[in-house]
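S.K.:
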Amino acid sequence: MPKSFHSLFIPGPTNLPHRLRLAMDIPLEDQRAPDFPEFTLPLFRDLKRVFKTRTGEVFLFPASGTGGWEAAMTNTLSPGDKVLASVFGQFSHLWADLCRRHGLDVDAVEVPWGDGVPLAIYRQRLEADKAHDIKAVLVCHNETATGVTSDVAGVRRTLDDLGHPALLMVDGVSSIASIDFRMEEWGVDLAITGSQKGFMLPAGLAIVAASRKAIEATRSAKCPRCFFDFADMMKQNRDGYFPYTPATTLLRGLRASLDMLLEEGLDNVFARHHRIAEGVRRAVSGWGLELCARGPEWYSDTVSAIMVPEGFDSDQLIRHAYDKYCFSLGLGLSKVKGKVFRIGHLGWFSDLMVLQALSGCEMAMRDMGYPVEAGSGVAVAQEFYRGAAPEPAIVREAAE
Ligand SMILES: Cc1ncc(COP(=O)(O)O)c(C=O)c1O
1 MPKSFHSLFI PGPTNLPHRL RLAMDIPLED QRAPDFPEFT LPLFRDLKRV
51 FKTRTGEVFL FPASGTGGWE AAMTNTLSPG DKVLASVFGQ FSHLWADLCR
101 RHGLDVDAVE VPWGDGVPLA IYRQRLEADK AHDIKAVLVC HNETATGVTS
151 DVAGVRRTLD DLGHPALLMV DGVSSIASID FRMEEWGVDL AITGSQKGFM
201 LPAGLAIVAA SRKAIEATRS AKCPRCFFDF ADMMKQNRDG YFPYTPATTL
251 LRGLRASLDM LLEEGLDNVF ARHHRIAEGV RRAVSGWGLE LCARGPEWYS
301 DTVSAIMVPE GFDSDQLIRH AYDKYCFSLG LGLSKVKGKV FRIGHLGWFS
351 DLMVLQALSG CEMAMRDMGY PVEAGSGVAV AQEFYRGAAP EPAIVREAAE
């Protein structure tokens, strides 16, 4: 099959809408032009609407999500500062690792992969920290490796109940602009994402939002920083400019992305992601398989990590799907290598697009001898998308 037919069902980069592709098919421009701020200032304003912050600052760095982590940590913390984190997948692991490499003192609670942020353990740790040595609490909102969404508001409630002043930092790389995220209401101090997931763009922008409290913390933070310095950015951003060359083409794409998100309406975007994900979950049950997420309270509406049966290797399945049917699925990473395949269903995605993914998975699994009946997943999802099967009540309880 020619490469041009290739279909992308990975959890980022996601599919690039035609409208965004066209918005970026433009001549390069002068980032110091007198009218450049007429374009950039509304970008910051509309990003705040997506993060749901009125009082925070939004930063745009030419980087990926990893750069966003680095910006958040180095601007607000000092070497030796204590950080409370939890590890339940490859991305929560990498974030904790980045913190250690910056000289932070990381208490990384190990959690079974398939669960998410352990609210009860966070409460114990924070309660025991009478001296308030813990300066930041980390939440990987959506662990892309396992398809697990955690309860950010629950962590805020825990901090507030205990009167603990730590900064609340959220990795929203595979959640923001796809599933419900409320920076100000949830008291999030730093929220990090990238351009290549919910914003439907190529990789290349790290998007970081900081609360007033986080901006205040930059004054005493001693971690070395230059490229990611919030202060340099703020000085220039105020007038619509940047301290170094911004990724102007991606910024033009971001304009179109924000227009698409706001025209659809964020609540409709979230509802679309939920409906699509629910169809995938039903297909997985139809196949007789299980998700890596260990209960409905953890289900992710942006990515499903599907466990393969004993004796099968998901790497081989993904390779077969790539070679024979010309589509990409997400690999199992680290601890779940060979054990899961992931369908990314975020960004520019419709019911029919996900049916294509489910159909491809079903064919590939049958080719590989999986005990999966033809149509057993696809038909269930079709019926759900037709509206013939009822919506379940959304289960998202505090996981204490
Ligand atoms: C939850 C999460 N955090 C962080 C990252 C790292 O982002 P990037 O690859 O853009 O550096 C990813 C990448 O997929 C992710 O899914």
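Taking the numbering used here, the leading residue of the sequence shown gets 1, the next gets one more, and so forth.
Glycine included, each C-beta is placed from N, C-alpha and C at the ideal position.
Since the model is a prediction, treat every value here as computed from it, not as a measurement.
Cβ of V173 within 8 Å of any heavy atom in ligand 1?
M.R.: On the sequence shown, position 173 is the one that residue 173 refers to. Flag set: Cβ of V173 near ligand 1.
S.K.: Check whether the Cβ atoms of V173 and G194 sit closer than 9 Å, and answer yes or no.
M.R.: As a first step, residue 173 must be located in the sequence shown, where it is residue number 173. As a first step, residue 194 must be located in the sequence shown, where it is residue number 194. Yes, the pair counts as a contact, with Cβ atoms nearer than the cut-off.
S.K.: At the level of alpha carbons, what is the spacing between C223 and E70?
M.R.: The sequence position of residue 223 within the sequence shown is 223, counting from 1. The sequence position of residue 70 within the sequence shown is 70, counting from 1. Their backbone Cα atoms lie some 10 Å apart in a straight line.
S.K.: Would F5 be called buried (16 or more neighbouring beta carbons within 10 Å of its own) or exposed?
M.R.: Within the sequence shown, residue 5 is the residue found at index 5, counting from 1. With fewer than 16 other Cβ atoms within 10 Å, it is exposed.
S.K.: Hey, could you find the ends of the alpha helix (DSSP H) M260 is sitting in?
M.R.: By 1-based counting over the sequence shown, the position of residue 260 is 260. It spans 248-264 - the alpha helix (DSSP H) in which M260 sits, taken as one unbroken run.
S.K.: Which class does W348 belong to by DSSP, given the choice of helix, strand or coil?
M.R.: Here residue 348 is taken as the residue at index 348 of the sequence shown, counted from 1. Coil, per DSSP.
S.K.: Find out if the Cβ-Cβ distance for the pair L167, A214 is shorter than 9 Å.
M.R.: What you label residue 167 is simply residue 167 of the sequence shown in a count that begins at 1. What you label residue 214 is simply residue 214 of the sequence shown in a count that begins at 1. A contact, by the Cβ cut-off of 9 Å.
S.K.: Say yes only if the C-beta of G347 is nearer than 8 Å to one or more non-hydrogen atoms of ligand 1, and no if none qualify.
M.R.: Counting from 1 along the sequence shown, the entry for residue 347 is found at position 347. Answer for G347: no, Cβ out of range of ligand 1.
S.K.: Taking C-alpha atoms, which residue in G114, L94, R21, A85 lies nearest to H336?
M.R.: Here residue 336 is taken as the residue at index 336 of the sequence shown, counted from 1. The question names His, yet the displayed sequence has Val at residue 336. Among G114, L94, R21, A85, the Cα nearest to that of V336 is on G114.
S.K.: Quick check on DSSP: helix, strand or coil for A321?
M.R.: Sequence index remark: in the sequence shown, residue 321 carries index 321 (1-based). Here A321 sits in helix by DSSP.
S.K.: How many angstroms separate the CA atom of S257 from the CA atom of H345?
M.R.: Residue numbering aside, residue 257 sits at position 257 when the sequence shown is read from its first letter. Residue numbering aside, residue 345 sits at position 345 when the sequence shown is read from its first letter. About 17 Å.
S.K.: Buried or exposed: where does E143 fall if 16 or more other Cβ atoms within 10 Å of its Cβ makes it buried?
M.R.: Within the sequence shown, the letter at position 143 stands for residue 143. Counting Cβ neighbours within 10 Å, E143 comes out buried, since at least 16 surround it.
S.K.: Do the CB positions of T55 and E184 come within less than 9 Å of each other?
M.R.: For the purposes of this step, residue 55 is taken as residue 55 along the sequence shown, with counting starting at 1. For the purposes of this step, residue 184 is taken as residue 184 along the sequence shown, with counting starting at 1. Yes, they are a contact pair.
S.K.: Can you check the region 49-76 for any beta strand (DSSP E) of at least 3 residues that lies completely inside it and give the ranges in chain order?
M.R.: With a minimum length of 3 residues, the continuous beta strand (DSSP E) runs that stay inside the region 49-76 are 57-61.
S.K.: Which of the three DSSP states is assigned to V137 in this structure?
M.R.: For this step, residue 137 is matched to residue 137 along the sequence shown. Note: V137 maps to strand in three-state DSSP.
S.K.: With distances taken from CA atoms, which of G147, V106, G163 is nearest H132?
M.R.: Position 132 of the sequence shown holds residue 132. The residue with the shortest Cα to Cα distance from H132 is G163.
S.K.: Once DSSP output is grouped into helix, strand and coil, what is the label at E310?
M.R.: Walking along the sequence shown from the start, residue 310 turns up at place 310. The answer is coil: DSSP assigns E310 none of H, G, I, E or B.
S.K.: With F341 and G332 assumed to form a contact (beta carbons below 8 Å), what rounded beta-carbon distance in angstroms separates them?
M.R.: On the sequence shown, residue 341 is found 341 positions in, with the first residue counted as 1. On the sequence shown, residue 332 is found 332 positions in, with the first residue counted as 1. At roughly 7 Å, the Cβ-Cβ gap stays under 8 Å, so F341 and G332 are in contact.
S.K.: Could you check whether D315 and G330 sit closer than 9 Å to each other, using their CB atoms as the reference points?
M.R.: Here residue 330 corresponds to residue number 330 of the sequence shown, with the count starting at 1. Here residue 315 corresponds to residue number 315 of the sequence shown, with the count starting at 1. Contact: no.
S.K.: L94 and T66: beta carbons closer than 9 Å?
M.R.: Stepping through the sequence shown from its first residue, residue 94 is reached at position 94. Stepping through the sequence shown from its first residue, residue 66 is reached at position 66. Cβ distance < 9 Å, so L94 and T66 count as in contact.
S.K.: Quick check: P202 and P79, are their CB atoms within less than 9 Å of each other?
M.R.: The count along the sequence shown starts at 1 and reaches residue 202 at position 202. The count along the sequence shown starts at 1 and reaches residue 79 at position 79. No, they are not a contact pair.
S.K.: In the DSSP assignment, find the beta strand (DSSP E) that holds I192 and state where it starts and stops.
M.R.: Locating residue 192 in the sequence shown gives position 192, counting from the first residue. Segment 190-194, the beta strand (DSSP E) holding I192.
S.K.: I think I276 touches V354, with their Cβ atoms under 8 Å apart; what is that distance to the nearest whole Å?
M.R.: Taking the sequence shown and counting its residues from 1, one reaches residue 276 at position 276. Taking the sequence shown and counting its residues from 1, one reaches residue 354 at position 354. Contact holds; Cβ gap of about 5 Å.
S.K.: Quick one: what's got a C-beta closer than 6 Å to S178's C-beta in the same chain, skipping five residues either side?
M.R.: Walking along the sequence shown from the start, residue 178 turns up at place 178. Same-chain partners within the cutoff: G198, H273, T302, L346.
S.K.: Is L262 buried or exposed, if buried means 16 or more other CB atoms sit within 10 Å of its CB?
M.R.: Within the sequence shown, numbered from 1, the residue matching residue 262 stands at position 262. Per the 10 Å Cβ criterion, exposed.
S.K.: Is the number of C-beta pairs between the region 279-286 and the region 366-378 that are closer than 8 Å three or more?
M.R.: Yes: at least three Cβ pairs fall under 8 Å.
S.K.: Output the distance between the C-alpha atoms of T249 and R125, rounded to the nearest integer angstrom.
M.R.: Counting from 1 along the sequence shown, the entry for residue 249 is found at position 249. Counting from 1 along the sequence shown, the entry for residue 125 is found at position 125. Going from the Cα of T249 to the Cα of R125 covers about 45 Å.
S.K.: Roughly how far, in whole angstroms, is the beta-carbon of P118 from the beta-carbon of V106, given that I think they are within contact range, below 8 Å?
M.R.: Numbered from its first residue, the sequence shown carries residue 118 at position 118. Numbered from its first residue, the sequence shown carries residue 106 at position 106. Actually they do not touch by this definition, with Cβ atoms about 15 Å apart.
S.K.: May I ask you to list the residues that DSSP assigns as paired with Y299?
M.R.: Here residue 299 corresponds to residue number 299 of the sequence shown, with the count starting at 1. Partner(s): V148.
S.K.: Taking the beta carbon of Y244 as the centre, do at least 16 other beta carbons fall within 10 Å, making it buried, or is it exposed?
M.R.: What you label residue 244 is simply residue 244 of the sequence shown in a count that begins at 1. Under this definition Y244 is an exposed residue.
S.K.: With three or more C-beta pairs closer than 8 Å as the rule, is the region 134-141 touching the region 83-94?
M.R.: With a cut-off of 8 Å, the region 134-141 and the region 83-94 count as touching, because enough Cβ pairs lie within range.
S.K.: Count the other CB atoms, across all protein chains shown, that sit within 10 Å of the CB of G288; report buried if there are 16 or more and exposed otherwise.
M.R.: As a first step, residue 288 is located in the sequence shown; it is residue number 288 there, counting from the start. So G288 ends up on the exposed side.
S.K.: Whose C-beta lies closer than 8 Å to the C-beta of L43 among residues of the same chain, with five residues either side of it excluded?
M.R.: Walking along the sequence shown from the start, residue 43 turns up at place 43. Taken in chain order, the residues that qualify are L60, L251, L254, R255, L258.
S.K.: Grouping DSSP H, G and I as helix and E and B as strand, with all else coil, what is S285?
M.R.: Counting from one through the sequence shown, the residue named residue 285 turns up at place 285. S285 falls in the helix class under three-state DSSP.
S.K.: Taking 8 Å as the cut-off, is the beta-carbon of A293 closer than that to any non-hydrogen atom of ligand 1?
M.R.: Looking up residue 293 in the sequence shown gives position 293. No; taking the cut-off as 8 Å, the Cβ of A293 has no heavy atom of ligand 1 nearer than that.
S.K.: Just to confirm before moving on: does the CB-CB distance between G204 and D160 stay below 9 Å?
M.R.: For this step, residue 204 is matched to residue 204 along the sequence shown. For this step, residue 160 is matched to residue 160 along the sequence shown. In this structure, D160 does not lie closer than 9 Å to G204 by Cβ.
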